[in-house]
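First up is the structure itself, then whatever we jot down about it.
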Amino acid sequence: MKTAIITGASSGFGEAIAKLFAQQGFRLILIARRLERLQQLQQWIAANSATEVLIYACDVRDQAAVDQVFDQIPSSWQCIDVLVNNAGLARGKATIQELNFEHMHEMIDTNVKGLIFVTKRVVQWMIPQRSGMIINVGSIAGKEPYLGGNAYSASKFGVDALTKSMRIDLLPHGIRVGQIAPGAANTEFSKVRFSGDQAVADAVYKGFDPLVAEDIAEAAWFMASRPAHVCINDLVIMPTAQANATTFHKNSNP
Ligand code: NDP
Ligand code: 8X3
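In this text, residue positions in the sequence shown follow this note's numbering: the first is 93, and each later residue adds one.
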């Protein structure tokens with residue numbers, strides 16, 4: 093049985109990826125801060141698949157907490173086929189002159205450092221087995237900057253760079269590294285970005301059909317189900333109504 097680790101599994105892309113991978117027969121190690129959400133997901137998976145799930149409440153920004161999680165994972169679970177580095181967030185959309193430094197730290201610490209903390213532990217297990225796949229969730233914001241994107245964009249340009257760099261580092265070890273870079277997707281992302289303001293979050297997706305979490309889960313599954321000699325390096329996935337980071341075709345009478 094194959095094993096995947098998914099970070100940020102308590103909502104959005106991570107939750108949808110967990111459900112799809114479970115239905116495809118993967119056993120799962122799921123990480124996020126909200127334990128209750130992970131427990132609900134564990135129950136859903138138990139009811140809808142025959143696979144096993146381990147859940148760990150962990151803030152990926154906290155290196156010691158990440159190490160504690162990996163120290164607890166039973167040895168029979170340490171053969172990891174797929175790591176999905178999905179945990180991440182944006183906070184605010186202020187210009188650089190207005191940027192809140194707490195927001196900046198949270199984005200860089202989660203999206204860049206957290207990804208590195210988790211990856212460093214997982215590759216210690218993948219290298220001896222001479223196989224494994226890492227899927228990093230980047231963003232269109234990691235391809236093109238936009239007004240007020242500054243620190244979030246920097247973090248996702250960082251994910252783009254890490255993806256390319258890790259692929260070089262891990263090449264001699266037979267480990268595949270790829271990225272999914274989505275455009276606008278209606279998850280909890282905007283609610284988190286705009287401090288829980290649901291009306292502002294809903295307005296982001298008004299007038300067009302955004303991506304949904306399942307679109308990204310299907311892309312992750314496509315990457316993970318390629319034969320061993322194929323590595324999907326990068327998938328930029330947009331809603332049909334979004335041409336690039338800033339150009340949308342919106343219905344003016346939604
Ligand atoms: P959600 O807010 O729905 O999910 C984010 C997930 O990340 C949650 O499970 C959250 O769990 C977890 N997370 C956040 N911070 C931490 C942390 N410090 N430690 C552990 N887990 C954490 O948003 P999405 O599903 O949309 O976001 C997933 C990824 O996709 C992010 O990296 C995001 O930047 C990226 N993305 C999103 C796009 C979109 O438009 N939605 C487009 C492009 C990229 P918890 O709060 O329980 O810790
Ligand atoms: C999330 C998409 O365009 O809001 O990464 O940055 S965007």
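Positions of the beta carbon are idealized from the N, C-alpha and C atoms, including for glycine.
In this structure, the C-beta of A110 stays at least 6 Å away from each heavy atom of ligand 2. Collapsing the DSSP output to three states places P166 in coil. When the Cα atoms are used, L120 and F193 turn out to be separated by approximately 35 Å. For the stretch 221-307, the continuous beta strand (DSSP E) assignments of 3+ residues that do not extend past its boundaries occur at 225-229, 268-274, in sequence order.
If you look at L175, you'll find it in the beta strand (DSSP E) that goes 174-177. If you draw a straight line from the Cα of Y244 to the Cα of I208, it comes to about 16 Å. Inter-residue distance for R222 and G266 is about 5 Å (C-alpha atoms, whole angstroms). Listed in chain order, the alpha helix (DSSP H) elements of length 4 or more contained wholly in the stretch 179-203 are 193-200. Under the three-state reduction of DSSP output, I219 falls in the helix class. The C-beta separation of F105 from T279 comes to about 6 Å, placing the pair in contact by the 8 Å criterion. R153 and G206 do touch by the CB rule: their CB atoms are close to 5 Å apart, below 8 Å.
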